[in-house]
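Structure record follows, encoded as structure tokens.
There are 2 protein chains.
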Amino acid sequence: MTTQPAFRRSEPDARRLSLIEACARVLAREGIAGASVRTIAVEAGVSAGLVGHYFAGVDALIAATYAHTGARVDAALEAAVAGAGNDPADRLEAFVTASFAAPIADPELLATWIAFWSLVRARPDIAALHDEQYRGFRAQLEGLLAHCGLPDAQLRRTAIAITALVDGLWLELCLSPHELAADEAAAIARSALTALILPARR
Amino acid sequence: MTTQPAFRRSEPDARRLSLIEACARVLAREGIAGASVRTIAVEAGVSAGLVGHYFAGVDALIAATYAHTGARVDAALEAAVAGAGNDPADRLEAFVTASFAAPIADPELLATWIAFWSLVRARPDIAALHDEQYRGFRAQLEGLLAHCGLPDAQLRRTAIAITALVDGLWLELCLSPHELAADEAAAIARSALTALILPARR
DNA sequence: GCACTTGTTGTACGAGCGTCCAATAAGGTT
DNA sequence: AACCTTATTGGACGCTCGTACAACAAGTGC
Chain A
107 MTTQPAFRRS EPDARRLSLI EACARVLARE GIAGASVRTI AVEAGVSAGL
157 VGHYFAGVDA LIAATYAHTG ARVDAALEAA VAGAGNDPAD RLEAFVTASF
207 AAPIADPELL ATWIAFWSLV RARPDIAALH DEQYRGFRAQ LEGLLAHCGL
257 PDAQLRRTAI AITALVDGLW LELCLSPHEL AADEAAAIAR SALTALILPA
307 RR
Chain B
107 MTTQPAFRRS EPDARRLSLI EACARVLARE GIAGASVRTI AVEAGVSAGL
157 VGHYFAGVDA LIAATYAHTG ARVDAALEAA VAGAGNDPAD RLEAFVTASF
207 AAPIADPELL ATWIAFWSLV RARPDIAALH DEQYRGFRAQ LEGLLAHCGL
257 PDAQLRRTAI AITALVDGLW LELCLSPHEL AADEAAAIAR SALTALILPA
307 RR
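Sequence lines, in order, name chains A and B. Numbers 107 to 308, taken from the working numbering, label the letters of the first sequence in order. Numbers 107 to 308, taken from the working numbering, label the letters of the second sequence in order.
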């Protein structure tokens, strides 16, 4: 009888990624309070000590998870815009409504996102990641708005309003999924978008 | 030489309140991770054991803090509407913009609020409080919208959109206070509100 | 088949956590 | 002045936390 291996080695990058994904799942399920080294390690199917081998500490793992999740969102939004053709209005609408379709509208991702928000005030490194993410999101939105003919003077405020709307709908989608469905959120975002940019374009 | 008292007794209600307020301050400053019994007790200037005397546990204290904070917000919004006169449009605008003036626009209150949001998924009791708070907010908003002549068919979606906008602006106000000031948020909310209800009223 | 690298485990440590509870003392009553 | 109620303290309990580290073993090259 041949004894099977007690564990399998992984490519360092693959193991890093699996830890990050496990961290995201734990954050989504239990919130920041449950995101301990041991819980995350169990979720990833490894021992607790391994976390220290790949990350400087649990704080660094959480920050890496934030960065990874943010990149996922960015990529999905970019793909949605790229697939929307050349009409500026179509591209803008695709950008906004992509937030309420797969893979972004995933409840797990939204819950993870809220966990990150709750860390911003107490953790300067998380705050820096947030600011970066936020600037990128708003810059892209301002660009799309400019191509739609929105006057420069209104770009900033309109972008802030739309971002706030999207974030607020994300919140509701995550906190009260029984009250608001993703497709209704998308519909609300679409009509609100029209209402917000309509007055300025005529 | 007369020895001064080692501690002072308080009216039970006053002590309860001081614990709740201390909890809110800790939540705002350190987030949910720092809201331990000992930290809160130090913040309130009492011993750790006293928390157990007034609340079933730290979870109950946090829930009570949520309820208290929610009631504070409700009262401020109600007062704003009451002081806005009789014109339906004025009352609606007062309701929305009150969210960005004292005492609601307080960074500490906003940070506390985000800490609560991060608890909703993992804590059924907090989720229940959230739903209650949310229903109340939206019901009042729908009432104000109806008085402005908005068709019944659009009440729900418009109320959701405005609520999302307000929550999203709160978020930004709290997470990036250096990027967005309360008065600019109020201006954005005001003009967005106009844009959102304008198309439906003509 | 041996040696080497290093991914992985398990344990140990100190600190902080929530909770419980006996002892203390403050403030009012008689 | 003696007394009673109970708000308040401070310490003890068992637990989980993050981190560090020595021992182990999987996979690779020779």
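Just so you know, even glycine gets a beta-carbon here, dropped at the ideal spot from N, CA and C.
| said: According to DSSP, is PHE161 (chain B) part of a helix, a strand, or is it coil? | reply: coil
| message | With three or more C-beta pairs closer than 8 Å as the rule, is the region 201-208 of chain B touching the region 179-189 of chain B? | response | yes
| field | GLU127 (chain B) - containing alpha helix (DSSP H), residue span | value | 118-136
| query | Would you call the region 289-300 of chain A and the region 283-296 of chain B touching, i.e. three or more CB-CB distances under 8 Å? | reply | no
| query | Where HIS284 (chain A) and ALA233 (chain B) are concerned, what is the direct C-alpha to C-alpha distance, given to the nearest angstrom? | reply | When rounded, the distance between both Cα atoms is 12 Å.
| field | Contact set for ALA211 (chain B): own chain, Cβ-Cβ below 6 Å, skip 5 residues either direction | value | ALA288
| field | Residue environment, HIS236 (chain B), which counts as buried when at least 16 other CB atoms sit within 10 Å | value | buried
| said: Would GLU136 (chain A) pass as an interface residue toward chain B - the criterion being a Cβ-Cβ separation below 8 Å? | reply: yes
| message | On a Cα-Cα basis, can you pick out the residue from A:GLY255, A:LEU256, A:ALA245, A:GLU290 that is closest to THR269 (chain A)? | response | A:ALA245
| Going by the beta-carbon positions, is the gap between PRO213 (chain B) and CYS254 (chain B) smaller than 8 Å? | no
| What residues in its chain sit with their C-beta under 6 Å from that of ARG122 (chain A), if we drop five residues either side in the sequence? | TYR160
| request: Quick one: using the 10 Å Cβ neighbour count with 16 as the cut-off for buried, is PHE113 (chain B) buried or exposed? | output: By the 10 Å Cβ count, PHE113 (chain B) comes out exposed.
| task | Taking only beta-carbon positions, decide if SER224 (chain B) is within less than 8 Å of chain A. | result | yes
| Looking only at C-alpha atoms, which of A:ALA170, A:ASP231, A:ALA298 sits nearest to THR264 (chain A)? | It is A:ALA298.
| field | GLU127 (chain B) versus VAL143 (chain B): straight-line alpha-carbon distance, rounded | value | 13 Å
| said: So, at 8 Å on beta carbons, what are the nonlocal neighbours of ILE266 (chain A) in its own chain, with the 5 sequence-adjacent residues on each side left out? | reply: ARG244
| field | Runs of alpha helix (DSSP H) lying entirely within the region 207-263 of chain A, each at least 4 residues, in chain order | value | 213-226, 230-253
| In terms of alpha-carbon separation, which member of B:ALA150, B:ASP119, B:PRO118 lies closest to ALA130 (chain B)? | B:ALA150
| request: State the start and end residues of the unbroken alpha helix (DSSP H) segment that holds PRO194 (chain A). | output: 194-203
| So the alpha helix (DSSP H) VAL148 (chain A) belongs to, where does it begin and stop? | 143-150
| message | Please report the distance separating the alpha-carbon of ILE146 (chain A) from that of ALA190 (chain A). | response | 38 Å
| query | Can you tell me whether ASP258 (chain B) is buried or exposed, with buried defined as 16 or more other CB within 10 angstroms of its CB? | reply | Result: exposed.
| request: Using a Cβ cut-off of 8 Å (strictly closer), state whether SER282 (chain B) contacts chain A. | output: yes
| Backbone secondary structure at ARG296 (chain B) - three-state DSSP | DSSP places ARG296 (chain B) within a helical segment (H, G or I) once states are collapsed to three.
| field | Three-state secondary structure (DSSP) of LEU271 (chain A) | value | helix
| Does the distance from the CB of ALA139 (chain B) to the CB of ILE138 (chain A) come in under 8 Å? | yes
| message | I need the straight-line Cα distance from VAL152 (chain B) to ALA120 (chain B), nearest angstrom please. | response | 13 Å
| Out of curiosity, what's the CA-to-CA distance linking ALA313 (chain A) and ARG115 (chain B)? | Because chain A is modelled from 107 through 308, residue 313 (chain A) falls outside the range shown and cannot be assessed.
| query | In the region 263-277 of chain A, which residues sit with their C-beta less than 8 Å from some C-beta in chain B, listed in chain order? | reply | ARG263, ILE266, ALA267, THR269, ALA270, LEU271, VAL272, ASP273, GLY274, LEU275, LEU277
| said: Buried or exposed, going by whether 16 or more other CB atoms sit within 10 Å of the CB of ASP273 (chain B)? | reply: buried
| request: For ILE294 (chain B), decide whether its Cβ has a neighbour in chain A, counting only Cβ atoms nearer than 8 Å. | output: yes
| Residues near LEU302 (chain A) by beta carbon distance below 7 Å, same chain, minus five either side | THR264, ALA267, ILE268
| request: Compute the beta-carbon to beta-carbon distance between ALA141 (chain A) and ILE168 (chain A), rounded to the nearest angstrom, for a pair I have assumed lies under 8 Å. | output: Their Cβ separation, rounded to whole angstroms, is 7 Å, which keeps ALA141 (chain A) and ILE168 (chain A) in contact under 8 Å.
| query | Hey, LEU275 (chain B) and LEU198 (chain B) are a contact pair by Cβ (cut 8 Å); roughly how many whole angstroms apart? | reply | Not really, about 16 Å apart at Cβ, beyond 8 Å.
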